[in-house]
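Below you'll find the structure, written out as structure tokens, and then a few comments.
And the structure:
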């Protein structure tokens, strides 16, 4: 789908989306720590300061609550800020601004103002960053009415969903994966937007539905390959957004396969997998042949040691085991 | 619209300011009665005693200068010219309220009058005002964002973050620290090591000073100067307004901790009485015109109360209205935003 047909990275796909939307709409500006002169901690904003100048690509002090709140106020006035929080871990100090202000302002004031902003941030574990720098907080944001929550897994979705997010009139929490920035793939052109609330089938199958998002899509696809060698064809579905959630596509698949496993890098308690499983029990109870399986990170703060970290994060073999369990089969020794 | 209001008000301005202060006092007293009668729920924070700080501030601003406040914000809405009927209706949770009954006492907003709202998290609205200032400058406008918050909020980290960014980027913003000397029931000396709060802004290269917040003319002059700095010299400013609220923190605070003689001392400097003496002394109003004005204001408050009580409740089928700007949110209940 790329104009030249060349694959680009998830990082560059995000950069393209930012650049195209900034060219399209002067009310779009970027703000965050080290996003200008330093090109961003993950280089997503590379080159944008030179192209758009300091008024539209703003390096901030280390002050997440402050600049997130500033973005909310600017959005109330009709601008379209794209706030980069360096990683999701630092969003915790801005949580009051996100939850008490961004998510509620439109409702609380009777629709007098909207908050058309995007808060971008990468998260996820896998780089031995230990407990305070390895969060997957999708569930926390998805819990909150008034926010939209977007979790792209591919360069194409990273670009198309970010463009949709920037044009959207509500506050969008845009959760990138640190582990996917280098992932290559085709992307859409300037006018190719990926809509919110439309799940996508990443691999078709009829034995079991595997639901996964962001980096876990790739873990699920690796598991699907291994299962295929045993003659088990699973269907891998990526919801792409949690608010709104395309329950219809998930439920249709589960009603066909009668089995489901939800893969989620977050913690198990009251998590994304738990929430999706609850929806599926309500929508598909009469079709299910087995309890819905959940694959989550271990219920511990993320450890540093490589072997412990890898044991804590969902791996393809964990997904394989969960699918086999849902199918009533033994996990091979 | 290019000029700020002058620091010294005209006699017409002064009559208008006195009327607005009287309206706030009477409105708050009536709100208190409606609360005691059970017609207002939730929290109700009254601005009685703080009328000079509110009216002096708003009178020094242009109508298009965006303003944010705390949860003690009925006065700001009234001073900005919001319809008292719709404010009282909001307090009573009615469909005709300023925010359709979704916000209540703590969350009034009147965007048409550039009043960007009352907020319930102490200090939490200050960065929003910074964003409003940012947007004004981004668009090449000359509006000045103004944010009123208490000395209690000045102890919140995010307020220091805002001082820092405002000073760093020279944003057109005026920080108003309304120091009413109590954070709920805790007196300032038990919450901060220094008596004054404005030097905290000074530390971030923001021009800052302190005035008597019980004197409406002093407040107006100070805020006018602060707005001039922000508008004409593109420098942020901070003014600390020393004032006193007469009632407890909210209606659920019986106010038994503060000493009676302290309250009497401050009430002897009542902002309405002080200003009335000025108006009488300068012959701007007389006993007759003041009585006439009070009767008119009482009529406005009576009318607002009757309107609110007679207004319909919000239809429950509108529960999920306005959670999102997107049209597909309106049928959302329970699991909002799930497409089945």
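Residue numbers (the numbering used here), protein chains in the order written: chain A, 6 to 338; chain B, 10 to 349. Cβ atoms here follow ideal geometry from the backbone N, Cα and C, with glycine treated the same way.
Practice prompt. Go to residue 77 of chain A, then tell me how far its beta strand (DSSP E) extends in each direction, as first and last residue.
Written response: Residue numbering aside, residue 77 of chain A sits at position 72 when the first chain is read from its first letter. Element bounds for residue 77 of chain A: not the beta strand (DSSP E) but the alpha helix (DSSP H), 69-81.
Rounded to the nearest angstrom, what separates residue 341 of chain B and residue 329 of chain B at their Cα positions?
For the purposes of this step, residue 341 of chain B is identified with residue 332 of the second chain, where counting begins at 1. For the purposes of this step, residue 329 of chain B is identified with residue 320 of the second chain, where counting begins at 1. Caution applies to residue 341 of chain B, whose pLDDT of 44 falls short of 50 and renders its modelled position unreliable; the value that the coordinates give is listed next. Taking the straight line joining both Cα atoms gives about 6 angstroms.
Open item on the list: Alpha carbons only, please: which of A/127, A/242, A/81 is nearest the one belonging to residue 109 of chain A?
Closed with: To locate residue 109 of chain A, count along the first chain from 1; it is residue 104. It is A/81.
Shorter than 8 angstroms from the beta carbon of residue 87 of chain B to some beta carbon of chain A?
Residue 87 of chain B sits at position 78 when you count from the first residue of the second chain. Residue 87 of chain B does not count as touching chain A.
Worksheet item: Taking residue 218 of chain B as the reference, which of B/242, B/187, B/202 has the closest Cα?
Response: Start at 1 with the first residue of the second chain, and residue 218 of chain B comes out as number 209. Taking only the C-alpha atoms, the option nearest residue 218 of chain B is B/187.
When the Cα of residue 207 of chain B is compared with those of B/119, B/172, B/191, which residue comes out closest?
Taking the first residue of the second chain as position 1, residue 207 of chain B is located at position 198. It is B/172.
Closest residue to residue 196 of chain B among B/176, B/214, B/212, B/161 (Cα-Cα distance) | Within the second chain, numbered from 1, the residue matching residue 196 of chain B stands at position 187. Selected option, being the one with the closest Cα: B/161.
**Prompt:** Hey, out of A/249, A/173, A/226, whose CA is closest to residue 203 of chain A's CA?
**Reply:** Residue numbering aside, residue 203 of chain A sits at position 198 when the first chain is read from its first letter. The option with the nearest alpha carbon to residue 203 of chain A is A/249.
Margin query: If the criterion is Cβ atoms closer than 8 angstroms, does the pair residue 234 of chain B and residue 18 of chain B meet it?
Written below: Here the question's residue 234 of chain B lines up with position 225 in the second chain. Here the question's residue 18 of chain B lines up with position 9 in the second chain. Contact flag unset, no.
- request: Give a yes or no on whether the minimum CB-CB distance between residue 23 of chain A and chain B is below 8 angstroms.
  value: As a working note, residue 23 of chain A is residue 18 in the first chain. By this cut-off, residue 23 of chain A is not an interface position.
Subject >> For residue 182 of chain B and residue 239 of chain B, believed in contact at Cβ under 8 angstroms, the rounded distance >> reply: The count along the second chain starts at 1 and reaches residue 239 of chain B at position 230. The count along the second chain starts at 1 and reaches residue 182 of chain B at position 173. That pair is a contact at about 6 angstroms.
What is the DSSP secondary structure of residue 188 of chain B, reduced to helix, strand or coil? By 1-based counting over the second chain, the position of residue 188 of chain B is 179. Residue 188 of chain B: strand per DSSP, three-state reduction.
Item to check | Selected residue, minimal CA-CA separation from residue 318 of chain B, among B/102, B/241, B/291, B/179 | outcome: Taking the second chain and counting its residues from 1, one reaches residue 318 of chain B at position 309. Minimum Cα distance to residue 318 of chain B is reached at B/102.
*asked:* One question on the structure: do residue 132 of chain A and residue 195 of chain A come within less than 8 angstroms of each other, judged by their Cβ atoms?
replied: Taking the first residue of the first chain as position 1, residue 132 of chain A is located at position 127. Taking the first residue of the first chain as position 1, residue 195 of chain A is located at position 190. Against a cut-off of 8 angstroms, the Cβ pair of residue 195 of chain A and residue 132 of chain A comes out as no contact.
Exercise for review: Kindly indicate the opening and closing residues of the alpha helix (DSSP H) around residue 82 of chain B.
Suggested key: Taking the second chain and counting its residues from 1, the one referred to as residue 82 of chain B is at position 73. Unbroken run through residue 82 of chain B: none, as it is neither H nor E.
- [ ] Could you name the residues of chain B that residue 102 of chain A contacts, counting a contact when the two beta carbons are closer than 8 angstroms?
- [x] Locating residue 102 of chain A in the first chain gives position 97, counting from the first residue. Correct list: 133, 136, 167.
Go through the region 108-146 of chain A residue by residue and report every complete run of the beta strand (DSSP E) that reaches 3 residues or more, in order.
123-128
| request: Report the residue from B/116, B/84, B/33, B/73 whose alpha carbon sits nearest the alpha carbon of residue 52 of chain B. | output: Along the second chain, read from residue 1 onward, the residue named residue 52 of chain B stands at position 43. The shortest C-alpha separation from residue 52 of chain B is found at B/116.
Output the boundary residues of the alpha helix (DSSP H) element that contains residue 41 of chain B. As a position in the second chain, residue 41 of chain B is number 32, starting the count at 1. It spans 20-45 - the alpha helix (DSSP H) in which residue 41 of chain B sits, taken as one unbroken run.
State the Cα-Cα distance for the pair residue 101 of chain A and residue 107 of chain A, rounded to the nearest angstrom.
By 1-based counting over the first chain, the position of residue 101 of chain A is 96. By 1-based counting over the first chain, the position of residue 107 of chain A is 102. Going by the C-alpha atoms only, they are around 9 angstroms apart.
Taking CB distances under 8 angstroms as the criterion, tell me whether residue 118 of chain A reaches chain B. Here residue 118 of chain A refers to the residue found at position 113 of the first chain. So yes, residue 118 of chain A belongs to the interface.
With H, G and I counted as helix, E and B as strand and the rest as coil, what does DSSP make of residue 265 of chain A?
In the first chain, residue 265 of chain A corresponds to position 260, counting from 1. Residue 265 of chain A falls in the strand class under three-state DSSP.
Per DSSP, what kind of secondary structure is residue 148 of chain A in: helix, strand or coil?
Residue numbering aside, residue 148 of chain A sits at position 143 when the first chain is read from its first letter. Residue 148 of chain A: coil per DSSP, three-state reduction.
Self-check item: Minimum C-alpha distance to residue 140 of chain B - residue among A/167, A/104, A/77
Solution: One-based indexing of the second chain puts residue 140 of chain B at position 131. Minimum Cα distance to residue 140 of chain B is reached at A/77.
Euclidean distance between Cα positions of residue 130 of chain B and residue 81 of chain B: Working through the second chain from its first residue, we reach residue 130 of chain B at position 121. Working through the second chain from its first residue, we reach residue 81 of chain B at position 72. Their Cα atoms are separated by approximately 11 angstroms.
Original post:
Is it true that the CB of residue 59 of chain A sits closer than 8 angstroms to the CB of residue 90 of chain A?
Top reply: Locating residue 90 of chain A in the first chain gives position 85, counting from the first residue. Locating residue 59 of chain A in the first chain gives position 54, counting from the first residue. Contact flag unset, no.
**Prompt:** Candidates B/331, B/37, B/108, B/137: which alpha carbon is nearest residue 121 of chain B's?
**Reply:** Counted from its first residue, the second chain places residue 121 of chain B at position 112. The residue with the shortest Cα to Cα distance from residue 121 of chain B is B/108.
inquiry  = Can you list, in chain order, the residues of its chain with a C-beta nearer than 7 angstroms to that of residue 272 of chain A? Leave out the 5 residues immediately preceding and following it.
reply    = For this step, residue 272 of chain A is matched to residue 267 along the first chain. Closer than 7 angstroms at Cβ, skipping near neighbours: 301, 302, 304.
Q. What are the boundary residues of the beta strand (DSSP E) that includes residue 307 of chain B?
A. Residue numbering aside, residue 307 of chain B sits at position 298 when the second chain is read from its first letter. Residue 307 of chain B -> not in any beta strand (DSSP E); alpha helix (DSSP H) instead, spanning 296-319.
Taking DSSP as the reference, what is the three-state secondary structure of residue 282 of chain B?
Walking along the second chain from the start, residue 282 of chain B turns up at place 273. Residue 282 of chain B: helix per DSSP, three-state reduction.
Using the Cβ count rule (16 or more neighbours within 10 Å means buried), how would you classify residue 290 of chain A? Position 285 of the first chain, counted from the start, is the residue given in the question as residue 290 of chain A. When all chains shown are included, residue 290 of chain A counts as exposed.
For residue 156 of chain B, the three-state DSSP class (helix, strand or coil): Numbered from 1 along the second chain, position 147 holds the residue referred to as residue 156 of chain B. Of the three classes helix, strand and coil, the one that applies to residue 156 of chain B here is strand, per DSSP.
* the ligand GDP heavy atoms versus the CB of residue 278 of chain A: any closer than 7 angstroms? -> For the structure depicted, the ligand GDP is absent and the ligand set is empty, with no information on it obtainable.
| task | Taking residue 76 of chain B as part of the beta strand (DSSP E), name the residues at either end of that continuous run. | result | In the second chain, the residue the question calls residue 76 of chain B occupies position 67. Run containing residue 76 of chain B: 76-78, per the beta strand (DSSP E) assignment.
- Query: Would you say the region 149-163 of chain B touches the region 123-138 of chain B, given that touching needs at least three Cβ pairs under 8 angstroms?
  - Reply: yes
Own chain partners of residue 168 of chain B with C-beta closer than 6 angstroms, once the 5 adjacent residues on each side are dropped: Along the second chain, one-based indexing puts residue 168 of chain B at 159. Answer for residue 168 of chain B: 132, 135, 162, listed in chain order.
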